[in-house]
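Here is the structure we will look at, set down as structure tokens.
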DNA sequence: TAAATTTATGGAAGGCCTTCCAATCTATCT
DNA sequence: AGATAGATTGGAAGGCCTTCCATAAATTTA
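Structure representation (structure tokens):
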């Protein structure tokens, strides 16, 4: 406290040291102080030193909002993400954060717990001077937003979502579903089912289309009773519970039940596995399974599944956002990731799949 | 675009409508415009209407940073959270976000992927005008930070961490571990082991202490070889891999191996379960298990475990932060949560535990 | 109707920074 | 030494809002 000039000693709470205080104490102009803190080259080393020492003594730190206002840049971006996407979301977030930290940016997180919040968060993010750009995840961009947006709107990148007018980074659910289904076809199955999530969910619809297409291309009959959809609202049906009851439903088909099932997510697959076990059946012997996502636990269950490059997607989303911020006039670009098939035990191809091996590979 | 006054029509990108534009167009003073947007009561309804209509026509939205600068309040808080806490962290985050959204606040998320980032994020959060308060999770507050903090520092709440000089919200790992261990003792076990995480981790140390204490109080010998610690760095050892190899190590004790094990986290327990299965052993018949956390998947594995009220902790953390912001002089308060024991199948007490039942209860 | 309140309004000042231009200094060159 | 170019510096203006005070308008009261 001793270093503080008299006129500040009585301040509590609003003890706020400004650039003017530094300038006065160091007997320089405010411009020079500013220059020092912005690493402007044209400052005499002596002057710089003196300013820094005064700043340190008074514990000065530039005011973020004042900087933002003056620079017309917040150095912050917003991410609007459904919380329920859980694993997906944590990994993407890591990718985002790592990238962004290097660039000196901050992240405002808007987690969607209820659809009504989407509009609210979009509005906030789009407010002047709140953030420099927006990442929007896994939901449908509301039409109201699209309409009021125009050429000069804030940069926005869609991730795991699509709209022609905005940059997007999209996992090709259609192709992913085709690959998954083809894998089952190639293993010789002809009675193939699908356990899907709630059709309100765009990826769910796309995965269904891919499934249907693959069957058709493979000349395999699509039995309507083999496709189980869910009306579960929670997490759009991407839950263990939903997977569990969906599998039960398939098992109710009796001897007519599919010998192989494509499941829209690993989480559901885990639930489906329980249902199988409870019925005294096993995967892949009784029912072969290919799932989707490759969450961390997929390995534990030996799930053959479609892997989405989540961390990388987070990174790339940030990269694209910065490109867009630098060059707002660019036409929208759309990147498609095609998920890759990870073969483990649940499809029946890899007879010797062993969890222990994966442990050996991944342990440090 | 038609509604725009001439002098704005050519602006691109910086098309930025200010309070002055509104005032001019509506033929009022800027003060009145400001009052309208702040819902100040003393504005004639006619005037208010006119201003709102002009604002709408010009698509005016107040500038967040300018407001922040003038109000000396950012309406934003920072959360510094280790990303690896995963499940824990997502649930807490939901609690935070729900609470905060109601209060009109935003959240800046600083996810720690590497210890070195802690200091950096703390420094940023603590910068003038960046956020109004800080939530700090599950890590040790660096001494350097404690030292430079003083009475007038920014409000900060520790969650799942402790320091006498700051408000904290702490899960009592010691008591939790005692409860878990006692449960195994009451089930009649006398040869009890523990699988712990990396001792660098504070909760891990506390859980170990609780375990040792409970044994002592129960008059049960603590065999050093029964306690397995890990030197895994990743996630401080809270990983399936670590749990897997720890259990292997216990099994290597042969016939002397413990008949019951307290495991420091559900994630590790899942790994341990694999090790058991691979060795042809079962829980609880061969080894009874009580774990810690009650992540969503714990039910799936029928894990008996210590539940931490994560969502509620998120909410409460925000509440405490706001109390602190309102009353900075308050002496620090410390809330202890005691985790509750959730009995499922893995401890051997609940012979009829069935996953299906939980599904029935929780499904919507 | 005049005086006294109450309500509504305008706009300067203040919040804290960056940026730019003009002014000053220093070093280099002739 | 004087001229010139380059380095360094000061500080006004601008970024956009809130708040407060003085003033003006409307309403109530006597």
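Chains as they are written, first to last, in the numbering used here: chain S, 1 to 364; chain W, 365 to 728. Cβ coordinates follow ideal geometry from the N, Cα and C atoms, glycine included.
Answer with buried or exposed for residue i, where buried requires no fewer than 16 other C-beta atoms within 10 angstroms of its C-beta.
| i | result |
| --- | --- |
| residue 408 of chain S | Since the first and last residues shown for chain S are 1 and 364, residue 408 of chain S lies out of range. |
| residue 25 of chain S | buried |
| residue 3 of chain S | Here residue 3 of chain S scores only 35 on pLDDT, less than 50, and its place in the model is too uncertain to base an answer on. |
| residue 696 of chain W | exposed |
| residue 345 of chain S | buried |
| residue 704 of chain W | exposed |
| residue 188 of chain S | exposed |
| residue 647 of chain W | buried |
| residue 644 of chain W | exposed |
| residue 49 of chain S | exposed |
| residue 641 of chain W | exposed |
| residue 724 of chain W | Interpretation of residue 724 of chain W is limited by its pLDDT of 47, a score under 50 that renders its predicted location unreliable; the figure taken from the coordinates is listed afterwards. Per the 10 Å Cβ criterion, exposed. |
| residue 698 of chain W | exposed |
| residue 232 of chain S | buried |
| residue 225 of chain S | exposed |
| residue 570 of chain W | buried |
| residue 71 of chain S | exposed |
For residue i, which option in the options has the closest C-alpha, if you only look at C-alpha atoms?
| i | options | result |
| --- | --- | --- |
| residue 230 of chain S | S/222, S/220, S/241 | S/241 |
| residue 707 of chain W | W/697, W/655, W/686, W/385 | W/655 |
| residue 169 of chain S | S/98, S/316, S/119 | S/316 |
| residue 583 of chain W | W/528, W/537, W/569, W/549 | W/549 |
| residue 460 of chain W | W/702, W/715, W/683, W/700 | W/683 |
| residue 598 of chain W | W/579, W/564, W/616 | W/564 |
| residue 667 of chain W | W/691, W/535, W/689, W/634 | W/634 |
| residue 479 of chain W | W/435, W/395, W/600, W/592 | W/600 |
| residue 191 of chain S | S/259, S/239, S/197 | S/259 |
| residue 650 of chain W | W/664, W/614, W/662 | W/614 |
| residue 410 of chain W | W/397, W/421, W/517 | W/397 |
| residue 660 of chain W | W/453, W/421, W/383 | W/453 |
| residue 485 of chain W | S/321, S/142, S/106 | S/106 |
| residue 711 of chain W | W/663, W/403, W/685 | W/663 |
| residue 482 of chain W | W/516, W/506, W/616, W/620 | W/506 |
| residue 123 of chain S | S/148, S/104, S/102 | S/148 |
| residue 98 of chain S | W/474, W/462, W/466 | W/474 |
| residue 468 of chain W | S/104, S/103, S/125 | S/125 |
| residue 515 of chain W | W/717, W/700, W/715, W/694 | W/694 |
Within this structure, are the beta carbons of residue i and residue j separated by less than 8 Å?
| i | j | result |
| --- | --- | --- |
| residue 176 of chain S | residue 306 of chain S | yes |
| residue 447 of chain W | residue 472 of chain W | no |
| residue 87 of chain S | residue 17 of chain S | no |
| residue 657 of chain W | residue 638 of chain W | no |
| residue 653 of chain W | residue 625 of chain W | yes |
| residue 495 of chain W | residue 441 of chain W | yes |
| residue 140 of chain S | residue 74 of chain S | no |
| residue 157 of chain S | residue 324 of chain S | yes |
| residue 173 of chain S | residue 214 of chain S | no |
| residue 171 of chain S | residue 160 of chain S | yes |
| residue 349 of chain S | residue 91 of chain S | no |
| residue 243 of chain S | residue 263 of chain S | yes |
| residue 492 of chain W | residue 63 of chain S | yes |
Give me the Cβ distance between residue i and residue j, rounded to the nearest whole Å; I'm assuming they're in contact under 8 Å.
| i | j | result |
| --- | --- | --- |
| residue 418 of chain W | residue 386 of chain W | 5 Å |
| residue 421 of chain S | residue 204 of chain S | This structure cannot settle anything about residue 421 of chain S, because the visible part of chain S is limited to 1 through 364. |
| residue 558 of chain W | residue 530 of chain W | Going by Cβ atoms, the distance from residue 558 of chain W to residue 530 of chain W rounds to 30 Å, so no, they are not a contact pair. |
| residue 52 of chain S | residue 28 of chain S | Going by Cβ atoms, the distance from residue 52 of chain S to residue 28 of chain S rounds to 12 Å, so no, they are not a contact pair. |
| residue 433 of chain W | residue 66 of chain S | 6 Å |
| residue 383 of chain S | residue 217 of chain S | This structure does not reach residue 383 of chain S, given that chain S is present from 1 up to 364, and the question cannot be answered. |
| residue 197 of chain S | residue 238 of chain S | 5 Å |
| residue 445 of chain W | residue 501 of chain W | 4 Å |
Practice item. Check each residue of the region 422-446 of chain W: if its Cβ is closer than 7 Å to any Cβ of chain S, include it; give the result in chain order. Key: Residues of the region 422-446 of chain W that bring their beta carbon within less than 7 Å of a beta carbon in chain S comprise 425, 427, 428, 429, 430, 432, 433, 438, in sequence order.
Check your understanding: Taking a cut of 8 Å between CB atoms, which residues from the region 454-465 of chain W lie near chain S?
Key -> So the close ones are 454, 457, 458, 461, 462, 465.
Practice item. Name, going along the chain, the residues of the region 226-251 of chain S whose beta-carbon falls closer than 9 Å to a beta-carbon of chain W. Key: Cβ contacts with chain W: 232, 233, 234, 239, 240, 241, 242, 244, 245.
Check your understanding: For the region 661-682 of chain W, which residues have a CB atom closer than 9 Å to at least one CB atom of chain S, in sequence order?
Key -> Answer in chain order: 661, 663, 664.
Exercise for review: Return the residues of the region 484-509 of chain W that lie within a Cβ-Cβ distance of less than 9 Å from chain S, sorted by chain order.
Suggested key: Against chain S - using a Cβ distance shorter than 9 Å - the residues of the region 484-509 of chain W are 484, 485, 487, 488, 490, 491, 492, 493, 494, 495.
Practice item. Report the residues of the region 510-536 of chain W with a CB closer than 9 Å to any CB of chain S, ordered along the chain. Key: When CB distances to chain S are screened at a threshold of 9 Å, the residues of the region 510-536 of chain W falling below it are 512, 514, 515, 516, in chain order.
**Study point:** Within 7 Å of chain W by C-beta, residues of the region 252-280 of chain S in sequence order
**Key:** From the region 252-280 of chain S, only 270, 274, 278 have a Cβ closer than 7 Å to chain W.
Exercise for review: May I ask you to list, following chain order, the residues of the region 102-118 of chain S that have a beta carbon less than 8 Å from some beta carbon of chain W?
Suggested key: If the cut-off is 8 Å between Cβ atoms, the region 102-118 of chain S has 106, 107, 108, 109, 110, 111, 113, 117 near chain W.
**Study point:** the region 188-219 of chain S: positions lying closer than 7 Å to chain W by Cβ
**Key:** So nothing in the stretch comes that close.
Exercise for review: For the region 704-716 of chain W, enumerate the residues whose C-beta is nearer than 7 Å to any C-beta of chain S, in chain order.
Suggested key: The residues in question: there are none.
Check your understanding: Using Cβ-Cβ distances below 7 Å, what residues of the region 16-34 of chain S are close to chain W?
Key -> Within the region 16-34 of chain S, contact with chain W at the beta-carbon level (separation under 7 Å) is assigned to 16.
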